[in-house]
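Student: The sequence shown begins at 1068 in the working numbering and counts up by one.
We put the CB at the ideal spot given by N, CA and C, even for glycine.
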Amino acid sequence: MKNDVKSGVGYIIPFGAIIGFFTALILGEYLISIVIAIAGILVWFLYMVVMESSPPSNLGNLIIFFGVLLSIGVFMGFGVSQNMWGGVEFVSEGSLFALVILFFSVLTGMLFRGQPIIQQTNPSYDLNVQEKKWVEDALKNEGQSSSSSDPRVIVVKQEANSQDKEDTTAKAKGLAQEAATHQYNNPYVYAYPPEYYYDEDDYEDDYEDDYEE
């Protein structure tokens, strides 16, 4: 809330600069309009630095807008001249200078538009209802009142829920059974078929029969 008030008061500076710029432009004081445009944006930046207020999200658009105002003032002051017959002539140097100012102001504004404005937020140290209850119980056990201002360190150990323990145990048993029945843990998965095994006695009998023949 305090930061919003600072930012709201800071908007008065560019708003007043815009009014002063167009007033000087209507009166034909082009040099004063240039000074007002430059001073408006600079004073606004200095205000944000001194008051430590966060820049607005539309900072890039405001930079582009003040760049357009500055280029208009430069063009009207140095890019246009009146000849002896009352006509208007364009001065190339002043027009190019105004165009360069417009280019760099738009470029700077686009860079600020691409960068997100990061606002520092104070970390919240509020306790929930359960944590407050734990703190009060710890203070009561020590004989201290909860309104005491003495700094103390309280360590609260939260026990696991019995249901969570049961779920963890059941999951561990299921994993153990799955690992036991896995094909890589079964010694009989890669055993040879029964027809590859012969009885030793049968093998000796066959060998003797062949020898007698």
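Between which two residues does the beta strand (DSSP E) containing residue 1147 stretch?
Tutor: 1147 to 1149
Student: Kindly indicate the opening and closing residues of the beta strand (DSSP E) around residue 1102.
Tutor: Segment 1097 to 1118 is the alpha helix (DSSP H) holding residue 1102; no beta strand (DSSP E) there.
Student: For residue 1086, which residues from the same chain have a beta carbon less than 6 angstroms from its beta carbon, with the 5 sequence-adjacent residues on both sides left out?
Tutor: none
Student: Using a Cβ-Cβ cut-off of 7 angstroms, state whether residue 1143 counts as contacting chain D.
Tutor: The chain inventory of the structure shown lacks chain D, comprising one protein chain alone.
Student: Assuming residue 1134 contacts residue 1075 under a Cβ cut-off of 8 angstroms, what Cβ separation, rounded to an integer in Å, is found between them?
Tutor: Wrong, their Cβ atoms sit about 24 angstroms apart, outside the cutoff.
Student: Determine the closest residue to residue 1129 out of 1112, 1148, 1203, 1092, with distance taken between C-alpha atoms.
Tutor: 1112
Student: Could you tell me if residue 1097 is buried or exposed, where buried requires 16 or more neighbouring beta carbons within 10 angstroms of its beta carbon?
Tutor: Buried, by the Cβ-count rule.
Student: By DSSP, does residue 1158 sit in helix, in strand, or in coil?
Tutor: coil
Student: Comparing C-alpha positions only, which one of 1120, 1083, 1127, 1204 sits nearest to residue 1300?
Tutor: Residue coverage of the chain in this structure runs from 1068 to 1280, which leaves residue 1300 outside it and unanswerable.
Student: Three-state secondary structure (DSSP) at residue 1134?
Tutor: helix
Student: Using CA coordinates, which residue listed in 1095, 1089, 1072 is at the minimum distance from residue 1148?
Tutor: 1095
Student: In terms of alpha-carbon separation, which member of 1137, 1236, 1109, 1091 lies closest to residue 1165?
Tutor: 1137
Student: Using CA atoms only, rank isn't needed, just tell me which of 1151, 1152, 1127, 1168 is closest to residue 1145.
Tutor: 1168
Student: Return helix, strand or coil for residue 1074, following the three-state DSSP convention.
Tutor: helix
Student: If residue 1282 sits next to residue 1077, beta carbons under 8 angstroms apart, how far is it from one beta carbon to the other, in whole angstroms?
Tutor: Outside the shown range of the chain (1068 to 1280) lies residue 1282, about which nothing can therefore be said.
Student: Please state whether the Cβ-Cβ distance between residue 1110 and residue 1080 is less than 7 angstroms.
Tutor: yes
Student: Can you give me the Cβ contacts of residue 1073 inside the same chain, cut-off strictly under 6 angstroms, excluding the 5 residues immediately before and after it?
Tutor: The answer, listed in chain order, is 1118, 1120.
Student: Below 7 angstroms between beta carbons: does that hold for residue 1103 and residue 1088?
Tutor: yes
Student: Grouping DSSP H, G and I as helix and E and B as strand, with all else coil, what is residue 1123?
Tutor: coil
Student: How about residue 1140 and residue 1172: are their beta carbons less than 7 angstroms apart?
Tutor: no
Student: For the alpha helix (DSSP H) containing residue 1083, name the first residue and the last one.
Tutor: Looking at the DSSP string, the run of the alpha helix (DSSP H) that includes residue 1083 is 1079 to 1093.
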